[in-house]
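Protein sequences appear in the order of chains A and B.
Last residue of the first sequence: number 148 in the numbering used here, and the count goes up by one each step with no gaps.
Last residue of the second sequence: number 662 in the numbering used here, and the count goes up by one each step with no gaps.
In what follows, a single structure is set out as structure tokens and then discussed.
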Amino acid sequence: MATGLFAQKLPDVKVEDASGKTVGTLSMIDGENPFIVTFWASWCKPCQMELAALEEVAPDWNGGFPLRIFAVSIDDSRSIADAKALAAASDWPVTVLFDNKQRLAQAFGVSSIPQVFIFDKDGNQVYTHVGYVPGSERKLLKRLKKAK
Amino acid sequence: MISRWKAAVAALALLLPVAARSQGHLDGSLESNTIFDDDKESAWYGFHSNNYLKLDYQNGRFGAGLQGEWYPSPLPGYDLALKGIGLPIKYVRWKGDTWSITGGDFYEQFGSGLVLRSWEDRNLGIANSIGGIRFTSSFLDDALSVTVLSGVPRQGLGYAKSLVSGADVNLSLGAFAFGASVVDRTEWAQEEDMSLLLGDAAPANVLMYSGRARWAANGFQADAEYVLRSRDFTAVHNANTGDSYTLDGGQAFLGNLLYFNNKFSARLSYRYLYNMDFALRRTLGTKVLSNTLNYLPALCKQQTYMLACLNPYETYSEGESGFAGEVYYHPVKALTLRVGGSWIDGLGRVLPLRDKNHLAYRDIYASADYRWSKKLKTTLYVSIQESSPTHGNRKATNAQNVFVLDGTYKFSPDFTMRGELQYLYSQELTKDWMAALLEFGIAQDWSVSLSDMYNHGSTKEHYWSVNAAYTAPGFRIMAGYGHNREGMVCSGGVCRYQPEYKGAFIKLQWFFNT
Numbered sequence: 001m002a003t004g005l006f007a008q009k010l011p012d013v014k015v016e017d018a019s020g021k022t023v024g025t026l027s028m029i030d031g032e033n034p035f036i037v038t039f040w041a042s043w044c045k046p047c048q049m050e051l052a053a054l055e056e057v058a059p060d061w062n063g064g065f066p067l068r069i070f071a072v073s074i075d076d077s078r079s080i081a082d083a084k085a086l087a088a089a090s091d092w093p094v095t096v097l098f099d100n101k102q103r104l105a106q107a108f109g110v111s112s113i114p115q116v117f118i119f120d121k122d123g124n125q126v127y128t129h130v131g132y133v134p135g136s137e138r139k140l141l142k143r144l145k146k147a148k
Numbered sequence: 149m150i151s152r153w154k155a156a157v158a159a160l161a162l163l164l165p166v167a168a169r170s171q172g173h174l175d176g177s178l179e180s181n182t183i184f185d186d187d188k189e190s191a192w193y194g195f196h197s198n199n200y201l202k203l204d205y206q207n208g209r210f211g212a213g214l215q216g217e218w219y220p221s222p223l224p225g226y227d228l229a230l231k232g233i234g235l236p237i238k239y240v241r242w243k244g245d246t247w248s249i250t251g252g253d254f255y256e257q258f259g260s261g262l263v264l265r266s267w268e269d270r271n272l273g274i275a276n277s278i279g280g281i282r283f284t285s286s287f288l289d290d291a292l293s294v295t296v297l298s299g300v301p302r303q304g305l306g307y308a309k310s311l312v313s314g315a316d317v318n319l320s321l322g323a324f325a326f327g328a329s330v331v332d333r334t335e336w337a338q339e340e341d342m343s344l345l346l347g348d349a350a351p352a353n354v355l356m357y358s359g360r361a362r363w364a365a366n367g368f369q370a371d372a373e374y375v376l377r378s379r380d381f382t383a384v385h386n387a388n389t390g391d392s393y394t395l396d397g398g399q400a401f402l403g404n405l406l407y408f409n410n411k412f413s414a415r416l417s418y419r420y421l422y423n424m425d426f427a428l429r430r431t432l433g434t435k436v437l438s439n440t441l442n443y444l445p446a447l448c449k450q451q452t453y454m455l456a457c458l459n460p461y462e463t464y465s466e467g468e469s470g471f472a473g474e475v476y477y478h479p480v481k482a483l484t485l486r487v488g489g490s491w492i493d494g495l496g497r498v499l500p501l502r503d504k505n506h507l508a509y510r511d512i513y514a515s516a517d518y519r520w521s522k523k524l525k526t527t528l529y530v531s532i533q534e535s536s537p538t539h540g541n542r543k544a545t546n547a548q549n550v551f552v553l554d555g556t557y558k559f560s561p562d563f564t565m566r567g568e569l570q571y572l573y574s575q576e577l578t579k580d581w582m583a584a585l586l587e588f589g590i591a592q593d594w595s596v597s598l599s600d601m602y603n604h605g606s607t608k609e610h611y612w613s614v615n616a617a618y619t620a621p622g623f624r625i626m627a628g629y630g631h632n633r634e635g636m637v638c639s640g641g642v643c644r645y646q647p648e649y650k651g652a653f654i655k656l657q658w659f660f661n662t
């Protein structure tokens with residue numbers, strides 16, 4: 001587990017849920033279990049492939065703790081309504097959040113999506129990768145299990 | 149420029165030991181995008197590269213960071229003024245429980261961005277950070293928030309001769325939310341040629357005001373924003389005599405209506421824009437993407453398939469009015485249906501046909517995603533587009549119809565193949581196109597793709613590429629070779645012109661916090 005010099009802490013940034021209510025990112029930390037944060041957009045096909053792939057493998061999750069995935073949309077004013085509509089009509093096993101001013105993405109240094117992060121129970125970043133390669137969702141869940 | 153780079157290295161040298169001693173958190177990223185155009189006939193022959201180093205340090209309530217950028221020769225289509233090396237982002241920040249103060253360079257957005265959007269998009273070459281001071285505070289359990297800022301916008305690797313100041317207030321009351329913003333932009337240097345063209349002095353400052361409201365309940369959401377802009381230097385186009393210039397105000401309205409549940413969702417948007425440019429340095433010919441201070445994305449859907457985004461629509465900020473909508477239906481787990489479209493009229497701004505509005509753009513599209521089994525998924529996509537090359541100032545339009553079959557087959561968890569077949573039918577512009585793409589996902593880390601777009605309508609030209617990417621924790625490298633078509637590169641509804649080039653490219657991303 002990465003700690004110390006190069007361990008990014010989950011930044012404290014306000015995003016929104018689907019109803020438009022403000023949500024603080026620190027509420028993702030439950031102090032007990034690690035979790036995944038993935039950045040996506042309604043116009044990003046690889047992002048949606050990754051979320052659909054997670055939907056397929058989620059039923060097989062046997063990590064011994066609840067699978068918690070936060071999918072943060074970076075759709076801005078042009079497409080946030082599409083992102084809300086798309087997320088609502090999908091079966092993705094995720095909590096969808098909306099970062100339409102891209103403050104969280106900036107705090108994470110995200111310049112390309114999809115970009116995925118794993119945080120430990122205390123909110124320390126232990127893993128990240130950029131892009132989606134089909135099949136990598138299984139590797140992601142293995143890393144999540146290790147982060148416990 | 150060199151002194152800025154030295155400052156970056158010095159700052160890095162300071163931040164690293166500070167972080168190590170204090171157990172604060174330092175994270176960073178390095179990104180490099182490089183091409184080599186090997187066509188000796190090309191205007192872009194040779195080596196071009198955009199490089200970014202970003203560092204952020206956090207220790208409790210204190211934060212600091214910087215971004216160094218190096219453009220030995222900017223990538224084709226990027227602002228040539230970027231050439232060189234610099235430190236355009238450097239900041240310090242202190243966060244209290246309900247407030248924060250930032251000194252240095254920062255990004256900010258008020259409302260939907262119609263009055264102010266300061267942001268970075270490396271794909272487009274947009275980076276209009278503001279160098280100055282920003283104060284934010286929230287009250288009543290975050291129900292009320294206030295942001296006040298003042299600073300000098302970035303231009304190239306330096307700053308523009310302009311001061312931007314603004315305030316933004318948001319109030320949330322249960323199902324309702326309200327907001328208001330004001331932004332002032334003052335030009336320090338009056339552009340002489342503008343005054344000569346105008347026959348009078350152009351105003352030193354331009355003001356933008358915005359008011360907005362949102363309501364959400366029972367699966368419904370509605371939001372609206374209205375914007376007024378004070379008078380600014382404005383071109384009056386005349387098809388017979390050429391352009392003349394005047395002072396004119398602007399206004400905009402944006403409204404969205406959204407409904408969603410777990411099987412069905414729909415949205416409808418309406419937007420009206422009149423004279424909404426808010427670019428820096430109003431001297432003719434110097435408006436570039438990176439110095440635009442507000443966000444006017446195209447209202448229509450951003451297409452993602454190669455042929456569907458061949459001729460993207462760009463917002464006509466001088467005047468347009470239009471609707472866009474989309475419906476999702478997810479009747480069973482294996483099937484998702486999507487239908488949408490847009491209709492945008494240009495507000496006629498060219499004399500003598502002024503005030504006669506014509507179609508600027510319309511499209512209708514539909515897609516069906518179907519999962520046949522755990523191994524096979526397909527998407528059928530159709531998009532019918534019609535656009536006016538004069539943004540509705542003339543009746544003539546170009547139409548194109550795009551058909552796509554997209555399929556993914558998973559041979560094993562370690563080997564997946566995705567293919568696209570696309571066809572564009574048109575009797576205008578360069579007429580018919582066809583395209584194909586094959587992409588392989590290998591061993592969960594590697595991706596290899598081959599694609600070709602072929603115009604068999606008029607130019608008989610191939611635009612092909614071969615790419616490979618490797619992803620590891622905190623690291624990604626992508627390299628390829630190909631013949632890239634001249635056209636618009638779009639992201640989030642904003643487009644950048646990219647000239648044609650042929651050659652190799654390599655993209656590196658490294659996050660050194662894992």
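All C-beta atoms, glycine included, are put in the ideal place defined by N, C-alpha and C.
Given the structure is predicted, the values throughout are model-derived calculations rather than measurements.
Please report how far the alpha carbon of residue i lies from the alpha carbon of residue j, in whole angstroms.
{"i": "B:L485", "j": "B:Y513", "result": "11 Å"}
{"i": "A:F65", "j": "A:V126", "result": "17 Å"}
{"i": "B:S197", "j": "B:W363", "result": "46 Å"}
{"i": "B:G216", "j": "B:A370", "result": "41 Å"}
{"i": "B:D600", "j": "B:Y571", "result": "12 Å"}
{"i": "A:M49", "j": "B:D593", "result": "15 Å"}
{"i": "B:K449", "j": "B:S535", "result": "14 Å"}
{"i": "B:G433", "j": "B:W658", "result": "With a pLDDT of 48 at B:G433, under the threshold of 50, the modelled position of this residue cannot be trusted; read the value that follows with caution. So the two alpha carbons sit approximately 37 Å from each other."}
{"i": "B:T431", "j": "B:W336", "result": "With a pLDDT of 49 at B:T431, under the threshold of 50, the predicted position of this residue should be treated as unreliable, though the coordinate-derived value follows. C-alpha separation (whole angstroms): 13 Å."}
{"i": "B:L524", "j": "B:D289", "result": "49 Å"}
{"i": "B:A482", "j": "A:S136", "result": "21 Å"}
{"i": "B:F381", "j": "B:T440", "result": "15 Å"}
{"i": "B:W267", "j": "B:G397", "result": "25 Å"}
{"i": "B:N505", "j": "B:L262", "result": "23 Å"}
{"i": "B:G651", "j": "B:G194", "result": "9 Å"}
{"i": "B:W192", "j": "B:S221", "result": "10 Å"}
{"i": "B:G299", "j": "B:G251", "result": "10 Å"}
{"i": "B:A400", "j": "A:G31", "result": "46 Å"}
In the DSSP output, which residue or residues are listed as bridge partners for residue i?
{"i": "B:S490", "result": "B:A472 and B:D511"}
{"i": "B:Q548", "result": "B:Q533"}
{"i": "A:R103", "result": "DSSP lists no partner for A:R103."}
{"i": "B:F326", "result": "B:L319 and B:A361"}
{"i": "B:K525", "result": "B:R519 and B:T556"}
{"i": "B:K309", "result": "BP columns for B:K309 are empty, so no partner."}
{"i": "B:Y453", "result": "Paired residues: none, contrary to the question."}
{"i": "B:H506", "result": "B:G494"}
How close, in whole Å, do the beta carbons of residue i and residue j come, if the pair is a contact with beta carbons under 8 Å?
{"i": "A:L104", "j": "A:P11", "result": "7 Å"}
{"i": "B:F655", "j": "B:M626", "result": "Phe is not the amino acid found at residue 655 of chain B; the sequence shown has Lys there. Contact flag correct, Cβ pair sits at about 5 Å."}
{"i": "B:V530", "j": "B:Y453", "result": "Not a contact, Cβ separation roughly 11 Å."}
{"i": "B:A387", "j": "B:A372", "result": "Going by Cβ atoms, the distance from B:A387 to B:A372 rounds to 35 Å, so no, they are not a contact pair."}
{"i": "B:T607", "j": "A:P134", "result": "Not really, about 34 Å apart at Cβ, beyond 8 Å."}
{"i": "A:P29", "j": "A:D122", "result": "Pro is not the amino acid found at residue 29 of chain A; the sequence shown has Ile there. 7 Å between Cβ atoms; contact."}
{"i": "A:I118", "j": "A:I36", "result": "6 Å"}
{"i": "B:T246", "j": "B:S285", "result": "6 Å"}
{"i": "A:A52", "j": "A:A83", "result": "Their Cβ separation, rounded to whole angstroms, is 15 Å, which puts A:A52 and A:A83 out of contact at 8 Å."}
In chain D, which residues lie less than 7 Å from residue i when you measure between Cβ atoms?
{"i": "A:R68", "result": "Looking for chain D here will not work: the only protein chains present are A and B."}
Counting along the chain, where does the beta strand (DSSP E) carrying residue i start and finish?
{"i": "B:Q303", "result": "L292 to Q303"}
{"i": "B:Q369", "result": "F368 to N386"}
{"i": "B:V596", "result": "W594 to N603"}
{"i": "B:R566", "result": "F563 to Y573"}
The alpha helix (DSSP H) that contains residue i, what's its start and end?
{"i": "B:M582", "result": "No alpha helix (DSSP H) holds B:M582; the beta strand (DSSP E) holding it covers W581 to I590."}
{"i": "A:V57", "result": "K45 to V57"}
{"i": "A:S136", "result": "S136 to K146"}
Name, going along the chain, the residues of the region 257-288 of chain B whose beta-carbon falls closer than 7 Å to a beta-carbon of chain A. Q257, S260, G261, W267 and R270
Of all the residues that make up the region 567-582 of chain B, which are near chain A by a beta-carbon distance shorter than 9 Å? Residues: none.
Between the region 400-413 of chain B and chain A, which residues of the former have a C-beta closer than 9 Å to a C-beta of the latter? L402, N404, L405, L406, Y407, F408, N409, N410, K411, F412 and S413
Please name the residues in the region 226-252 of chain B whose beta-carbon is closer than 9 Å to at least one beta-carbon of chain A, in chain order. Only those residues of the region 226-252 of chain B whose C-beta falls short of 9 Å from the nearest C-beta of chain A are listed: K243.
Short-range partners of chain B found in the region 84-100 of chain A, where Cβ spacing is below 9 Å: K84, A85, L86, A87, A88, A89, S90, D91 and N100
What residues in the region 118-133 of chain A bring their beta carbon closer than 8 Å to a beta carbon of chain B? Q125, V126, Y127, T128, H129, V130, G131 and V133
Taking beta-carbon pairs under 9 Å, can you tell me which members of the region 7-33 of chain A lie near chain B? A7, Q8, K9, P11, D12, K14, A18, S19, G20, K21, T22 and G24
Select from the region 584-597 of chain B all residues with a C-beta closer than 7 Å to any C-beta belonging to chain A, and list them in chain order. G589, Q592, D593, W594 and S595
Listed from N- to C-terminal order along the chain, which residues in the region 440-471 of chain B have their beta-carbon within a distance smaller than 9 Å of any beta-carbon of chain A? Correct list: Y443, P445, A446, L447, K449, Q450, Q451, T452 and Y453.
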